[in-house]
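To keep things clear, I will list the structure first and then write my remarks on it.
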């Protein structure tokens, strides 16, 4: 019988052989999970890992209610949106109830990339423009259009301008930081217009995840949004990372920021792993887009997606997981403060259950991540230079899981210097 | 209790209210299926409809083996391709076994749109070009890039040139038709180059579905492919419509055409309704693309997708559904010939279980489609002017289903003149 090591090496070789080199793996010693349950992943050797990284299984890995809803609907009917179906409408109603009244139309896709791509098509239809402002290290998806709007992946396209993420410097007021960021946005659109490019959108991930995690604060994005509107652009809140209660309490980053968005996109946790994503927009935006043509997404909004999405909503609502995320996030912050000295007072930023810790360097971050993986706790690193430890567990994460996470982090921090 | 009529009207109103006007419905009297089984859809009133239209449920609506595979894996583990997973590699091996040896790398997405978008990014990476040649009424997907390459949806983009679909005129040899089509392709690339646009790809749906259905013939695409290569472009076979045995016998349209493709894309039937799609390409193409950066699709190639995809492959293989499609398709052609006079010798084109019938006009086609729907058989119309009746049932369709389809078509043809 092949050893676990041999099995993993064979898997790696076969992977290179059939999937090719564009695919990347996590960790120096890649993980081979065979079982997921709530906040736990188990490998073939029976070793359990605490998952403090995966935001897709928002209501827990292999959530029984979600799997049951999926199975029951898949056994019954799975068609598409060109037939009438009550399930998708009930889901749309239930989801839109979590939005302010002006954001009242839902269009369904299968991935966050498709949602962002569609949102930009909408913004282009409404403005007649092509120009988009994004943050310096943004990531918005993998379509050709979005790759050009994702400087963290590749150099940005010709109709794109980049700005720093918004944040408050030490002792700076939110109003001052908002004005500073608003000036960046205004300058970016002015530069675009000077080059003859008509503005279409300001597109922001409301937790600025790939820029290093800068959680929303009330009013912080207001001046930037005003500058975008003054330039004739729409404001798109990309909630693929921040949405569905991830930040604790209010379900969306734009709600935490008290931002007026024209379009909101969402994805990852929406189906707890079932491929579904969506765009919520103002009625006028959807109507303007509809003038340019019909929209049909073969799998988007199918009856199984609707049933799965509804089960995820009900789990979030009934178990009050966004509220729990706020509490557990506060506990994590306290725990961090208690251990700040042992962690060299490294800067930490976050909200709810989305946290970033600035390591000393990208190399330090990578060593911490790999050390923690060897000790049974899964996180990762990202941000500029890979220097930010990224922590965003399933929302069913509890205080005892924070304790285990902190113990692993403390153990990894020094040996990884 | 609300009548069925009231329920449908309420559903329609609610749909407009929450999904908005970009969504369209089939049929003058929209259908509200509540149950799917093999080739049947059943509405709330218990009425059964023969599904002669939906190509996604390729191994039958709610196929029990596929649902069981999905459920079992979803109960066990659903992560992503940044961990090692044997299931996705086994699936890749099983799928690639259906391709010629030079097409030996698989990348997984969630939708055909994502697959075509990725294929074009690959072609752009390999050629340094942006220019794409497509057919006049092509449809390749809904991303911003693909909308520009889908003249059936919207006017094509500036780096796009269009050509007619290839076909043999009466008594014309395949070689003559191939040469004629090759000249169109060569002229399109020459025009593009004269405008300073560097060629990237010739992108063709190998059954030319939205152009009116022109099934592949051996050698018919050869001269066009040679012209594309002479211009420095890659050849992309879009198998989203034609693939997975739809045309009977060989699994792919490019195989029926004996076409050498650099990249092949697939989608709709791949997961029998579970959102999955993919790109199969030559090793050199994937390597060239990988130089431009990594690729990660959150849901693409997840363990549930792999399990579902494998169950679909096994159903197709073990039940020999592509072979059955060839036989049932031949039976349909015989049945058509027997009834040709009653159908005014209307032109019919197709292969396996993908058929197009030219109605007298778009209006005639729409009336036939609606009449058949009222008589319990589901087809649709598409192509230029909506004049082509489109017939592409699940591959489990059998001869008795052909008889029912033909009876409904005969009944609809004359009353719809």
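Residue numbers (my numbering), protein chains in the order written: chain A, 1 to 417; chain B, 418 to 834.
Even for Gly, the Cβ is constructed at its ideal location relative to N, Cα and C.
Neighbour list for residue i in chain B, Cβ cutoff strictly below 9 Å
{"i": "residue 286(A)", "result": "436, 437, 438, 439"}
Cβ-Cβ distance between residue i and residue j below 8 Å
{"i": "residue 630(B)", "j": "residue 767(B)", "result": "yes"}
{"i": "residue 62(A)", "j": "residue 493(B)", "result": "yes"}
{"i": "residue 771(B)", "j": "residue 804(B)", "result": "no"}
{"i": "residue 326(A)", "j": "residue 395(A)", "result": "no"}
{"i": "residue 571(B)", "j": "residue 293(A)", "result": "yes"}
{"i": "residue 341(A)", "j": "residue 410(A)", "result": "no"}
{"i": "residue 595(B)", "j": "residue 639(B)", "result": "yes"}
{"i": "residue 694(B)", "j": "residue 509(B)", "result": "no"}
{"i": "residue 203(A)", "j": "residue 238(A)", "result": "yes"}
{"i": "residue 111(A)", "j": "residue 527(B)", "result": "yes"}
Proximal residues of chain A, C-beta to C-beta of residue i below 8 Å
{"i": "residue 712(B)", "result": "22, 23, 142"}
{"i": "residue 432(B)", "result": "84, 89"}
{"i": "residue 811(B)", "result": "Under the 8 Å cutoff, chain A gives no residues; its nearest Cβ is about 12 Å from residue 811(B)."}
{"i": "residue 425(B)", "result": "84"}
{"i": "residue 522(B)", "result": "18, 19, 20"}
{"i": "residue 798(B)", "result": "Those do not exist, as residue 798(B) stays about 13 Å from chain A at its closest Cβ, beyond 8 Å."}
{"i": "residue 453(B)", "result": "76, 77, 78, 79"}
Bridge partner(s) assigned by DSSP for residue i
{"i": "residue 771(B)", "result": "768(B)"}
{"i": "residue 396(A)", "result": "Partner(s): none; residue 396(A) has no beta bridge."}
{"i": "residue 5(A)", "result": "Paired residues: none, contrary to the question."}
{"i": "residue 618(B)", "result": "549(B), 651(B)"}
{"i": "residue 695(B)", "result": "525(B), 683(B)"}
{"i": "residue 466(B)", "result": "458(B)"}
{"i": "residue 805(B)", "result": "775(B), 799(B)"}
{"i": "residue 61(A)", "result": "38(A)"}
{"i": "residue 633(B)", "result": "In the DSSP output, where bridge partners are listed per residue, residue 633(B) has none listed."}
Residue i versus residue j: straight-line alpha-carbon distance, rounded
{"i": "residue 215(A)", "j": "residue 16(A)", "result": "37 Å"}
{"i": "residue 108(A)", "j": "residue 272(A)", "result": "15 Å"}
{"i": "residue 119(A)", "j": "residue 280(A)", "result": "9 Å"}
{"i": "residue 567(B)", "j": "residue 554(B)", "result": "7 Å"}
{"i": "residue 356(A)", "j": "residue 209(A)", "result": "8 Å"}
{"i": "residue 172(A)", "j": "residue 166(A)", "result": "12 Å"}
{"i": "residue 504(B)", "j": "residue 19(A)", "result": "13 Å"}
{"i": "residue 511(B)", "j": "residue 723(B)", "result": "11 Å"}
{"i": "residue 486(B)", "j": "residue 721(B)", "result": "8 Å"}
{"i": "residue 286(A)", "j": "residue 761(B)", "result": "44 Å"}
{"i": "residue 370(A)", "j": "residue 29(A)", "result": "8 Å"}
{"i": "residue 663(B)", "j": "residue 412(A)", "result": "54 Å"}
{"i": "residue 390(A)", "j": "residue 368(A)", "result": "11 Å"}
{"i": "residue 249(A)", "j": "residue 308(A)", "result": "22 Å"}
{"i": "residue 477(B)", "j": "residue 164(A)", "result": "51 Å"}
{"i": "residue 795(B)", "j": "residue 313(A)", "result": "34 Å"}
{"i": "residue 415(A)", "j": "residue 24(A)", "result": "26 Å"}
Cut-off 7 Å between Cβ atoms - residues of its own chain near residue i, not counting five sequence neighbours on either side
{"i": "residue 450(B)", "result": "458, 459, 460"}
{"i": "residue 530(B)", "result": "558, 559, 560, 563"}
{"i": "residue 26(A)", "result": "380"}
{"i": "residue 815(B)", "result": "745"}
{"i": "residue 251(A)", "result": "98, 243, 244, 245, 322"}
{"i": "residue 339(A)", "result": "406, 410"}
Chain-ordered neighbours of residue i on chain A, where CB pairs are closer than 7 Å
{"i": "residue 534(B)", "result": "143, 144"}
{"i": "residue 473(B)", "result": "298"}
{"i": "residue 492(B)", "result": "62, 67"}
{"i": "residue 685(B)", "result": "298"}
Contact set for residue i: own chain, Cβ-Cβ below 8 Å, skip 5 residues either direction
{"i": "residue 298(A)", "result": "80"}
{"i": "residue 579(B)", "result": "550, 551, 552, 553, 555, 568, 573, 605"}
{"i": "residue 473(B)", "result": "685, 686, 689, 690"}
Cβ shell of residue i (< 6 Å), same chain only, five flanking positions each side left out
{"i": "residue 129(A)", "result": "198, 199, 200"}
{"i": "residue 719(B)", "result": "495, 497"}
{"i": "residue 224(A)", "result": "181, 182, 185"}
{"i": "residue 311(A)", "result": "65, 66, 69"}
{"i": "residue 634(B)", "result": "591"}
{"i": "residue 622(B)", "result": "655, 658"}
Chain-ordered chain B contacts of residue i [CB-CB under 8 Å]
{"i": "residue 93(A)", "result": "431, 435"}
{"i": "residue 96(A)", "result": "435"}
{"i": "residue 31(A)", "result": "500, 501"}
Where residue i meets chain A, residues with beta-carbon distance less than 9 Å
{"i": "residue 528(B)", "result": "109, 110, 111, 114, 275, 297, 298, 299, 300"}
{"i": "residue 538(B)", "result": "142, 143, 144, 147"}
Proximity test, residue i beta-carbon vs the ligand GTP heavy atom, cut-off 7 Å
{"i": "residue 398(A)", "result": "This structure simply doesn't include the ligand GTP, nor any ligand for that matter."}
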